[in-house]
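Heads up, the thing below is written out as structure tokens.
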């Protein structure tokens, strides 16, 4: 069960404050999830990141 919490605004400089906002946002999204829901959410994020990395590698060659 994912909570629908708006994504925080990130500054162009990406500061420590931005990291804190992201961590709080993720915590609020996941605080009522079961372990299996949390792992599934983590897997979705990891898959997106791996696809992004693969895309960047293809563009650089």
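Numbering (the numbering used here), first residue to last: 6 to 66. Ideal Cβ placement from N, Cα and C applies to all residues, glycine included. In this text the structure is predicted, and so the values were computed from the model without any measurement.
Rounded separation between residue i and residue j - CA only
| i | j | result |
| --- | --- | --- |
| residue 60 | residue 50 | 15 Å |
| residue 53 | residue 38 | 20 Å |
| residue 19 | residue 48 | 24 Å |
| residue 66 | residue 58 | 13 Å |
| residue 21 | residue 31 | 15 Å |
| residue 17 | residue 28 | 17 Å |
Residue span of the alpha helix (DSSP H) that contains residue i, given as start and end
| i | result |
| --- | --- |
| residue 56 | 40-65 |
| residue 31 | 21-35 |
8 Å contact criterion, which residue i and residue j should meet: CB distance rounded
| i | j | result |
| --- | --- | --- |
| residue 35 | residue 46 | 7 Å |
| residue 11 | residue 26 | The Cβ separation is near 11 Å, so there is no contact. |
Other residues of its chain near residue i: CB distance less than 7 Å, five sequence neighbours each side excluded
| i | result |
| --- | --- |
| residue 56 | none |
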